[in-house]
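*Asks:* For reference, each letter of the sequence shown is one residue, going 2 to 427 in the numbering used here. Note that beta-carbon positions come from the ideal geometry of N, C-alpha and C, so glycine has one too. Computed from a predicted structure; not experimentally measured. Structure provided below as structure tokens; questions to follow.
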Amino acid sequence: MFQVFIVAVVILISSTFAVFALSRPWVGHVLLGDGAYQTAVAVDSTGAIHVVIADTSLLYATNAGGGWTTTVLDGDHSVFRAVLARDTKDHLHVVEEAYPPDTGVPGEAAMASIRYWTNSAGGWSVTTIDAAGRGASIAIDGSDHIHAAYLGTNGSTTELRHATDAGGVWTSTPVFSWSDSLTSAVATAIAVAPSGAVSITVSYGLFGLIYYLTNSTGSWTRSELTSSADLGGTASFPVDTAPVAIDAAGTVHAAFSVYNRSTNTTSVIHAENSKGNWAWDSVGTTREGVTCSMVLDASGHVHLAYGDSSSGEPTSGVLTYATNAGGGWSRHVVDPNTRSSAGSSIALSRTGNPVIAYVYQEFAPFPHFSPDLATSTRVVTNAIEGWNFVDVLAALAPFLFGELLAVGVAFRIVTRHRLRDRPKTS
2 MFQVFIVAVV ILISSTFAVF ALSRPWVGHV LLGDGAYQTA VAVDSTGAIH
52 VVIADTSLLY ATNAGGGWTT TVLDGDHSVF RAVLARDTKD HLHVVEEAYP
102 PDTGVPGEAA MASIRYWTNS AGGWSVTTID AAGRGASIAI DGSDHIHAAY
152 LGTNGSTTEL RHATDAGGVW TSTPVFSWSD SLTSAVATAI AVAPSGAVSI
202 TVSYGLFGLI YYLTNSTGSW TRSELTSSAD LGGTASFPVD TAPVAIDAAG
252 TVHAAFSVYN RSTNTTSVIH AENSKGNWAW DSVGTTREGV TCSMVLDASG
302 HVHLAYGDSS SGEPTSGVLT YATNAGGGWS RHVVDPNTRS SAGSSIALSR
352 TGNPVIAYVY QEFAPFPHFS PDLATSTRVV TNAIEGWNFV DVLAALAPFL
402 FGELLAVGVA FRIVTRHRLR DRPKTS
């Protein structure tokens, strides 16, 4: 009888894990018991996850040693933005916007130092790329040279600058300039093609415009990826980073949002440029405040994570994962409680599963009673991996406990009946 009980327990546990795996829920790990301004995630060739967190200071979290550890990279500045890339040797490269210490919120100080961190020599080291800039992004070319794009100023002129260490030392050159306030340009995104050509997007928050720039012809050219006509006039929301990536065939991919004033909805757009012309593809419709992150897999399929403020509260929204790996676009809710203004970041595991870092934010069920807001910084995936197995067990614990309790009770009842019905011997 005891053998039957053991077999039942094994079957129940196995079936629970099988159903859990097939349903592909999003499970991960809480990196910080507090929120952050921005996250960036990368997965190395061993499957280890690396996350940098802009949380007034610059934090680095990883499970490369087995368990999760979090260390402070830059505790001397207020850091509101940081971007991360991994090279072919699994070295990490980070570009941060380092504001003066004790800067209250992003934007209180117009300019930051653009600083570059790397662990390529073993320990972490830092270099200042530019003493004044903001809206930074990072990419790595096929030779493991680092490229950064950011916004700077030259007197009263705002400049888009491209910086690289391809020559052995960091050099920064202006790509495009305009005579507007720096705050009208929000952020950049950068990618490098297999040919070495660089592509940059610039989000222009004042009018909700996105510019696309490339040096694929040998000199820099600029075009509008979106225009005021696409947005139905002046946009009613600030446009954040429009991520850009280039696949093995040289096709440029970008992701961004377009607001329709007549329907009061925002469409998430994937744009593709293979022969000089952009083709748009609608991923889905949200309400407002969209922030996007994007990664391509080895086949050139697109994987997106985007958040919006559609839950009713102005700073809380739904985080969604979308991919066209199956042909058409499929969408899955990652978390209905996110701090959408913080954005998210996405990478792919060695098995091709999405890994997303984001800021969780949930309003209290009873307003005005402490705490009004629960926040944390998390990393999740929709598969059972070695790094999140303990978190999976924690998520399944209530179900496993209930099943084991039910089997135990049934075993006890059957055992008592068998003992009661057993013939008595004299």
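With 16 other CB atoms within 10 Å as the buried threshold, where does Thr218 fall?
*Replies:* Within the sequence shown, numbered from 1, the residue matching residue 218 stands at position 217. Thr218 is exposed by the Cβ-count criterion.
*Asks:* What does the Cβ neighbour count give for Gly29, buried or exposed, with the cut at 16 atoms within 10 Å?
*Replies:* As a first step, residue 29 is located in the sequence shown; it is residue number 28 there, counting from the start. Around the beta carbon of Gly29, a 10 Å sphere encloses 16 or more other beta carbons of the protein chains shown; the residue is thus reported as buried.
*Asks:* With C-beta atoms as the reference, is Ser346 less than 8 Å away from Val42?
*Replies:* To locate residue 346, count along the sequence shown from 1; it is residue 345. To locate residue 42, count along the sequence shown from 1; it is residue 41. It is a contact, given that the beta carbons lie within the stated cut-off.
*Asks:* Could you tell me how far apart the beta carbons of Val356 and Thr324 are, in whole angstroms, since I believe they sit closer than 8 Å?
*Replies:* If you number the sequence shown from 1, residue 356 lands on position 355. If you number the sequence shown from 1, residue 324 lands on position 323. That pair is no contact at about 13 Å.
*Asks:* By Cβ distance, which residues of its chain are closer than 6 Å to Asn274, with the 5 residues on each side in sequence left out?
*Replies:* In the sequence shown, residue 274 corresponds to position 273, counting from 1. Cβ neighbours of Asn274 beyond the five flanking positions: Val253.
*Asks:* If you count every other CB in all the chains shown that lies within 10 Å of the CB of Asn278, and 16 or more means buried, which is it?
*Replies:* The sequence position of residue 278 within the sequence shown is 277, counting from 1. Classification for Asn278: exposed.
*Asks:* Which residues mark the beginning and the end of the beta strand (DSSP E) in which Met112 is found?
*Replies:* Locating residue 112 in the sequence shown gives position 111, where the first residue counts as 1. Element bounds for Met112: n/a, residue is neither H nor E.
*Asks:* Mind checking whether Asn64 and His92 have CB atoms under 8 Å apart?
*Replies:* Working through the sequence shown from its first residue, we reach residue 64 at position 63. Working through the sequence shown from its first residue, we reach residue 92 at position 91. Result no, Cβ atoms of Asn64 and His92 do not sit closer than 8 Å.
*Asks:* Just tell me which of Thr174, His333 and Thr202 has its CA closest to the CA of Pro187.
*Replies:* Working through the sequence shown from its first residue, we reach residue 187 at position 186. Residue identity differs from the one stated: residue 187 is Val in this sequence, not Pro. Ranking the options by Cα distance to Val187, first place goes to Thr202.
*Asks:* Using the Cα positions of Ala384 and Asn354, report the straight-line distance between them to the nearest angstrom.
*Replies:* As a first step, residue 384 is located in the sequence shown; it is residue number 383 there, counting from the start. As a first step, residue 354 is located in the sequence shown; it is residue number 353 there, counting from the start. Using only the alpha carbons, I get a separation of about 7 Å.
*Asks:* So, helix, strand or coil for Thr71, using DSSP?
*Replies:* If you number the sequence shown from 1, residue 71 lands on position 70. If DSSP states are grouped into helix, strand and coil, Thr71 belongs with the strands.
*Asks:* Would you give the residue range spanned by the beta strand (DSSP E) that Ile130 belongs to?
*Replies:* The sequence position of residue 130 within the sequence shown is 129, counting from 1. Here the beta strand (DSSP E) through Ile130 covers Ser126 to Ile141.
*Asks:* Since I believe Val84 is in contact with Thr137 (beta carbons under 8 Å), could you give me their beta-carbon distance rounded to a whole number of angstroms?
*Replies:* As a position in the sequence shown, residue 137 is number 136, starting the count at 1. As a position in the sequence shown, residue 84 is number 83, starting the count at 1. The sequence as given places Ala at residue 137; Thr does not occur at that position. Confirmed, Cβ separation roughly 6 Å.
*Asks:* Here's the rule: buried if 16 or more other CB atoms are within 10 angstroms of the residue's CB, otherwise exposed. What is Gly153?
*Replies:* Within the sequence shown, the letter at position 152 stands for residue 153. Per the 10 Å Cβ criterion, buried.
*Asks:* Can you tell me whether Gly313 is buried or exposed, with buried defined as 16 or more other CB within 10 angstroms of its CB?
*Replies:* Numbered from its first residue, the sequence shown carries residue 313 at position 312. Reliability of the predicted coordinates at Gly313 is poor, the pLDDT of 48 falling under 50, and the value obtained from them is presented with this limitation in mind. The residue is exposed, with fewer than 16 neighbouring Cβ atoms inside 10 Å.
*Asks:* By Cβ distance, which residues of its chain are closer than 6 Å to Ile115, with the 5 residues on each side in sequence left out?
*Replies:* Numbered from 1 along the sequence shown, position 114 holds the residue referred to as residue 115. Taken in chain order, the residues that qualify are Ile130, Asp131, Gly134, Ala137 and Tyr151.
*Asks:* Between which residues of its own chain and Pro162 is the CB-CB distance below 8 Å, once the five residues before and five after are set aside?
*Replies:* Stepping through the sequence shown from its first residue, residue 162 is reached at position 161. What sits at residue 162 in the sequence shown is Arg, not Pro. Closer than 8 Å at Cβ, skipping near neighbours: Asp131, Gly134, Ala150, Tyr151, Leu152, Gly153, Ser173, Thr174, Pro175 and Val176.
*Asks:* Which same chain residues end up closer than 6 Å to Phe257 when comparing Cβ atoms and leaving out the 5 residues on each side of it in sequence?
*Replies:* Mapped onto the sequence shown, residue 257 falls at position 256. Only Ile211, Ala243 and Ile270 meet the Cβ criterion.
*Asks:* If we call anything under 8 Å between Cβ atoms a contact, is Ser294 one with Gly344?
*Replies:* Looking up residue 294 in the sequence shown gives position 293. Looking up residue 344 in the sequence shown gives position 343. Yes. Within cutoff.
*Asks:* Considering only C-alpha positions, which residue in the set Arg87, Tyr38, Tyr322 and Ala167 is nearest to His51?
*Replies:* Taking the sequence shown and counting its residues from 1, the one referred to as residue 51 is at position 50. Comparing Cα-Cα distances from His51 to each of Arg87, Tyr38, Tyr322 and Ala167, the minimum goes to Arg87.
*Asks:* Under DSSP, the beta strand (DSSP E) around His304 begins and ends at which residues?
*Replies:* Residue numbering aside, residue 304 sits at position 303 when the sequence shown is read from its first letter. Val303 to Asp309 is the extent of the beta strand (DSSP E) around His304.
*Asks:* With a cut-off of 8 Å on the beta carbons, I'd call Phe283 and Ser268 a contact; round off their distance for me.
*Replies:* As a position in the sequence shown, residue 283 is number 282, starting the count at 1. As a position in the sequence shown, residue 268 is number 267, starting the count at 1. According to the sequence provided, residue 283 is Ser. The question's Phe does not apply to it. Sure, about 5 Å apart at Cβ, within 8 Å.
*Asks:* Quick check: what's the CA-CA separation for Ala1 versus Ser300?
*Replies:* In this structure the chain extends from 2 to 427, so residue 1 is not present and cannot be described.
*Asks:* Just list the beta strand (DSSP E) runs in the region 142-169, keeping only unbroken ones of 3 residues or longer that don't cross its boundaries, in chain order.
*Replies:* 147-155 and 158-165
*Asks:* By a C-beta neighbour count over all protein chains shown, 10 Å radius and 16 as the cutoff for buried, is Arg82 buried or exposed?
*Replies:* Along the sequence shown, read from residue 1 onward, the residue named residue 82 stands at position 81. Burial state of Arg82 is buried, judged by a 10 Å Cβ sphere holding 16 or more other Cβ atoms.
*Asks:* Taking Cβ to Cβ, would you say Val80 is nearer than 8 Å to Thr57?
*Replies:* As a position in the sequence shown, residue 80 is number 79, starting the count at 1. As a position in the sequence shown, residue 57 is number 56, starting the count at 1. Taking 8 Å as the Cβ cut-off, Val80 and Thr57 qualify as a contacting pair.
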